[in-house]
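Protein chains in written order, with this note's numbering: chain A, 1 to 483; chain B, 1 to 416. Yeah, the Cβ is synthetic: ideal placement off N, Cα and C, and Gly gets one too. Data block below; observations after.
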Amino acid sequence: MLHPNQIAELREAVGADGLITGASQLQTYECDGLTNFRVLPGAVVLPRTTEQVQAAVRICARHKLPFVSRGAGTGLSGGALPAEGGVVISLARMNRILEVDYANRYVVVEPGVINAHVSQRVAAQGYFYAPDPSSQSVCTIGGNVAENSGGAHCLKYGFTVTHTLALEVVLPSGELVHLGSAAPDAPGYDLAGVFVGSEGTLGVATKITLRIVKRPEVVQTLLAAFDTPQAAGQTVSDIIAAGMLPSALEIMDTLAIEAAEAAVHAHYPKCGGLLLVELDGQAAEVETLMREVRALAEKNGAWETRLAQSEQERALIWKGRKAAFAAVGRISPNYIVQDGVIPRTALPQVLAEIERMAATVGLRVANVFHAGDGNLHPLVLYDRTIQGQEEIALDLSYRILHLCVDSGGSITGEHGVGKEKQQALGYMFAEPDLATMQLVRCAFDPESLANPDKVFPRPRLCADRPGPYTPHPLETAGVAEIF
Amino acid sequence: MSTAALTLDEGLARLGAIAGQAHTRVRGETIEVAPANALETAAILRFADQNGLAVSPAGGGTKIGWGNPVEAQIRLSLERMTAVREHSWQDMTCTVEAGCTWADLQTELAHHGQTVALDPLWPKRATIGGIVAANDSGALRLKYGALRDLIIGMTIVLADGTIAKSGGKVVKNVAGYDLHKLMTGSFGTLGVMTEVNFRLHPAEERTQTWTANAADAAELAEPLRALLDTQMVPSAVQLRAGKQGCALDVRVAGRGEAIKDCERRLSKIFSEIGMAPSGEAVWGVRQELYDAANATILKASMLPAEVCSVSAEVRQWAAAEGAAIECVAYAFGLATIALHATTDAATAFPERIIARLRARLRPTGGSVVVLAAPDEIRAGLDLWGCHSDALGLMREIKRRFDPNRILNPGRFAGNI
Chain A
1 MLHPNQIAEL REAVGADGLI TGASQLQTYE CDGLTNFRVL PGAVVLPRTT EQVQAAVRIC
61 ARHKLPFVSR GAGTGLSGGA LPAEGGVVIS LARMNRILEV DYANRYVVVE PGVINAHVSQ
121 RVAAQGYFYA PDPSSQSVCT IGGNVAENSG GAHCLKYGFT VTHTLALEVV LPSGELVHLG
181 SAAPDAPGYD LAGVFVGSEG TLGVATKITL RIVKRPEVVQ TLLAAFDTPQ AAGQTVSDII
241 AAGMLPSALE IMDTLAIEAA EAAVHAHYPK CGGLLLVELD GQAAEVETLM REVRALAEKN
301 GAWETRLAQS EQERALIWKG RKAAFAAVGR ISPNYIVQDG VIPRTALPQV LAEIERMAAT
361 VGLRVANVFH AGDGNLHPLV LYDRTIQGQE EIALDLSYRI LHLCVDSGGS ITGEHGVGKE
421 KQQALGYMFA EPDLATMQLV RCAFDPESLA NPDKVFPRPR LCADRPGPYT PHPLETAGVA
481 EIF
Chain B
1 MSTAALTLDE GLARLGAIAG QAHTRVRGET IEVAPANALE TAAILRFADQ NGLAVSPAGG
61 GTKIGWGNPV EAQIRLSLER MTAVREHSWQ DMTCTVEAGC TWADLQTELA HHGQTVALDP
121 LWPKRATIGG IVAANDSGAL RLKYGALRDL IIGMTIVLAD GTIAKSGGKV VKNVAGYDLH
181 KLMTGSFGTL GVMTEVNFRL HPAEERTQTW TANAADAAEL AEPLRALLDT QMVPSAVQLR
241 AGKQGCALDV RVAGRGEAIK DCERRLSKIF SEIGMAPSGE AVWGVRQELY DAANATILKA
301 SMLPAEVCSV SAEVRQWAAA EGAAIECVAY AFGLATIALH ATTDAATAFP ERIIARLRAR
361 LRPTGGSVVV LAAPDEIRAG LDLWGCHSDA LGLMREIKRR FDPNRILNPG RFAGNI
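Okay, here's the thing in structure tokens:
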């Protein structure tokens with residue numbers, strides 16, 4: 001609970017219509033897309049300007065109140081989960097596109113602007129904003145910056161960080177700083193590069209300069225049906241080995257296809273492994289490459305290859321893919337979405353191992369993945385009404401992440417660590433790695449007020465100076481030279 | 001080395017005990033030490049930190065003069081850490097030690113037709129660590145992005161000897177803070193990189209470069225704008241402006257009919273000025289700017305649409321002073337400008353140009369960093385021209401990473 005004086009100060013900062021304190025209204029903000037963690041915030045502020053954000057953050061700093069900034073709340077790792085008794089800063093009302101500069105190929109937006117609106121705004125001039133998380137029709141740029149969001153097309157186009165040129169940031173002290181610039185290589189440390197993906201733990205972005213990209217001349221989307229996801233995976237490896245860089249390479253397994261079909265009738269072939277390949281670029285080149293892709297698919301046993309014949313057909317294919325998470329709700333009452341990354345070459349073994357692990361505990365796992373960059377989204381299906389099953393499902397999902405790390409990969413490719421994967425981060429990184437990251441945190445936020453108790457495995461205080469040197473676990477294991 | 005607590009001989013003995021006497025030597029007042037791995041690097045830094053000795057990490061030494069001068073007691077050479085640790089060609093990633101030269105890495109990657117898609121200066125001598133620390137990039141950045149977009153992980157040794165890893169060996173990864181982005185371009189002031197993980201691209205198999213010539217850079221502005229507004233994806237585009245006039249170079253890579261297709265489109269865009277095939281040699285001109293004796297070399301950052309106009313302006317400013325400049329400007333907004341002082345204009349000419357250019361670029365977020373200059377000119381200059389309101393935050397980061405200021409103290413922007 002916030003003190004009435006604190007409430008009064010916040011009201012002063014953002015106006016009465018920018019403050020929420022009623023218990024029932026606060027419930028809207030008690031979780032994000034990861035709904036199994038819920039915390040009621042002390043208050044929600046809805047600033048309309050950078051100055052109001054600054055004022056609200058200064059109040060938090062003065063009273064040492066934790067704050068959590070929030071966009072559309074679509075995050076899947078609990079990044080926008082409120083801090084107990086803290087303040088949620090909703091950026092939803094800061095939703096203006098402030099500047100569009102085609103000559104220099106950038107836009108300046110406020111954090112509450114919806115991802116897809118950026119592309120819509122610049123579409124008439126033939127441009128688009130490349131990062132396209134599946135939630136792009138509702139998620140905000142501020143949230144994308146916090147999570148360093150990817151999407152299906154980042155294999156070729158990169159992530160949010162690749163497209164973020166500059167940021168205006170309110171630091172946890174309330175101080176305003178400008179990181180990066182629209183012109184390349186601003187002198188000094190690349191703080192914009194560090195801020196993107198810091199999951200709201202370093203401050204609040206209030207203005208974001210994004211790169212926009214010329215829409216490719218042609219886009220061709222191919223569906224190829226295989227008997228197994230492994231055969232689809234081999235095709236992906238062959239495409240990459242042939243020196244191609246498709247704009248997207250997606251694989252879905254039987255369960256995921258079934259779910260997507262039930263939800264949006266995408267007319268996917270019924271098969272064990274569906275591969276979606278998208279190539280874009282100049283017409284002459286794309287046609288040549290697509291012929292090679294088809295040949296590789298057929299060599300690996302594709303029994304149907306289907307090229308989208310119209311923009312509508314292409315859109316439907318993607319609609320099915322992007323709806324796959326939510327669609328799983330049609331074939332299972334509950335499910336957990338995971339976000340592991342593995343080296344592409346580990347795909348066959350990892351898929352087989354996931355299947356084995358799931359079978360051992362009697363659960364089903366649907367697989368949707370950005371195969372080009374090895375980003376797996378295993379969907380662990382379960383039924384909460386069956387006693388104990390949720391725990392088993394959670395345990396399985398974490399063991400899958402450990403498997404990804406053991407295979408040389410990562411616990412998260414685009415959803416972020418948030419609340420959900422704090423412990424898993426400790427599995428992926430050793431104590432010295434985490435302590436070094438903490439140095440950055442403490443420089444930005446010495447009081448640990450911005451999204452506290454997220455990302456890192458245990459609450460850490462900046463007063464903790466790193467202790468005497470401790471050897472890296474790989475050193476003590478005698479294999480230091482391999483990392 | 002003359003701290004109260006330690007003599008040069010003692011330092012030499014202690015460092016020799018860590019890295020081996022064969023890899024430790026005195027040169028002037030500096031001890032040069034070459035550790036074999038991250039562990040020895042950690043031990044050296046820990047020793048330096050405990051004794052308050054300034055350390056200057058060094059690779060090939062090609063850019064060691066960039067930034068403010070550092071009086072280091074220890075020169076930490078990465079010359080023994082040159083291995084390409086891993087080339088997972090099917091995953092299109094690699095791990096390489098920081099002392100490996102750029103050319104050696106690329107030779108190794110070429111066995112599988114792959115590359116780190118960057119064209120830095122002096123590839124035969126420059127090392128991975130030095131290139132990353134200086135955030136060097138060439139013309140290819142237009143298509144493939146900056147160095148920070150190509151680095152997926154790193155091993156860093158901090159001043160207190162902590163060995164930390166950041167990122168990983170997969171391209172897509174948002175776990176933890178991206179320390180490797182902080183390290184890229186930090187000029188050795190936060191830690192010593194010992195290994196870097198890169199994402200790779202297929203090497204460009206077939207390429208073609210065309211060149212359009214004009215008397216003045218301003219004439220090239222409209223075709224350049226038109227070119228970048230098309231759906232062509234050239235791998236490099238640069239403007240050259242100098243004594244002999246101006247030229248725009250365009251390189252395209254592609255398969256099948258793609259290159260011919262580009263040629264048709266380019267010939268339309270450049271129909272008035274004319275464009276002809278040229279050779280790969282034009283992409284070496286940025287490096288050639290550094291060959292001129294007594295030149296002052298600037299890295300100027302500007303909005304992409306200003307590349308032609310700024311180059312033309314600087315050329316005019318110089319001409320008005322009876323001096324000359326040479327400029328190689330990449331289409332994404334980075335230019336290398338060489339100022340050739342005439343004997344009578346002496347030091348004042350570069351200083352005036354720099355001040356004028358900074359004033360011109362600053363309102364749109366641009367900047368000018370002085371990379372190289374004759375000593376007498378350099379002494380009076382603010383090399384970095386950093387006016388960031390985040391400088392306080394940068395200093396705090398430095399303080400947290402290197403509280404005793406042993407790593408390249410004062411070399412970086414804001415005397416960090």
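- Nearest to B/F401 by alpha-carbon distance, out of B/D249, B/I377, B/G333, B/T189, is B/T189.
- Against chain A, the CB of B/W210 has no partner CB under 7 Å away; the residue lies outside that interface.
- Distance from A/G86 to A/F37 at the Cβ level is roughly 14 Å; contact not present, criterion being Cβ atoms closer than 8 Å.
- Scanning the stretch 305-352 of chain A for uninterrupted beta strand (DSSP E) segments of 3 residues or longer gives 334-337, listed from N- to C-terminal end.
- The C-beta separation of B/I74 from B/A48 comes to about 6 Å, placing the pair in contact by the 8 Å criterion.
- Around the Cβ of A/L98, a 10 Å sphere holds fewer than 16 other Cβ atoms; the residue is exposed.
- Sequence-distant Cβ neighbours of A/Y427 in its own chain, meaning closer than 8 Å and more than five residues away, are L401, H402, V405, I411.
- Look at A/S119 here: in three-state DSSP terms it is helix.
- For B/Q90, the C-beta contacts it makes with chain A under 9 Å involve S237, I240, A241, P343, R344, T345, in order along the chain.
- Of the candidates A/R458, A/D190, A/P216, A/P216 places its Cα closest to the Cα of A/F128.
- Interface annotation, A/H402: not in contact with chain B, CB-CB separation never under 7 Å.
- In summary, A/S198 is buried, with 16 or more beta-carbon neighbours lying within 10 Å of its beta-carbon over all protein chains present.
- The Cβ-Cβ distance between A/A259 and A/R330 falls below 7 Å.
- At least one CB of chain A lies nearer than 7 Å to the CB of B/N173.
- Within the stretch 213-242 of chain A, the runs of beta strand (DSSP E) that reach at least 3 residues and sit entirely inside it are, in chain order, 218-226.
- With a minimum length of 4 residues, the unbroken runs of alpha helix (DSSP H) contained wholly in the stretch 64-126 of chain B fall at 102-110.
- The beta-bridge partner set that DSSP reports for B/M154 consists of B/S166, B/V196.
- For the stretch 217-250 of chain B, residues whose beta-carbon sits nearer than 8 Å to a beta-carbon of chain A comprise R225, L228, D229, T230, Q231, M232, V233.
- One alpha carbon belongs to B/G52, the other to A/G416, and they sit about 39 Å apart.
- Taking the C-beta atoms as reference points, B/R199 is found no nearer than 7 Å to B/I269.
- Of all residues in the stretch 46-73 of chain B, those with a C-beta nearer than 7 Å to a C-beta of chain A are R46, reading in chain order.
- Counting every other CB atom within 10 Å of its CB across the protein chains shown gives A/H370 a total of 16 or more, marking it as buried.
- Contact annotation, B/M394 with B/I416: C-beta distance approximately 6 Å; criterion of less than 8 Å satisfied.
- Taken through DSSP and simplified to helix, strand or coil, B/I337 comes out as strand.
- Between B/T155 and B/T194, the C-beta spacing is below 7 Å.
- When Cβ-Cβ separations below 7 Å define contact, B/L289 makes no contact with chain A.
- Neighbours of A/A182 across chain B, judged by C-beta separation under 8 Å: L303, T364, G365.
- When the Cα atoms are used, A/A152 and B/G161 turn out to be separated by approximately 40 Å.
- Look at B/K172 here: in three-state DSSP terms it is coil, with no helix or strand label.
- When secondary structure is reduced to three states using DSSP, B/G245 falls in the strand class.
- When DSSP states are grouped into helix, strand and coil, B/H387 belongs to the coil group.
- For the alpha helix (DSSP H) assignment, the uninterrupted runs of no fewer than 4 residues enclosed by the stretch 397-441 of chain A are, from N- to C-terminal side, 422-428.
- Below the 8 Å Cβ cutoff, chain B contributes L228, P304 as neighbours of A/R105, in chain order.
- Nearest C-alpha to B/A221 among B/G333, B/R85, B/E29, B/S367: B/G333.
- B/C327 is bridged by DSSP to B/A241, B/I337.
- Following the DSSP letters along the chain, one finds A/S90 inside the beta strand (DSSP E) bounded by residues 87-90.
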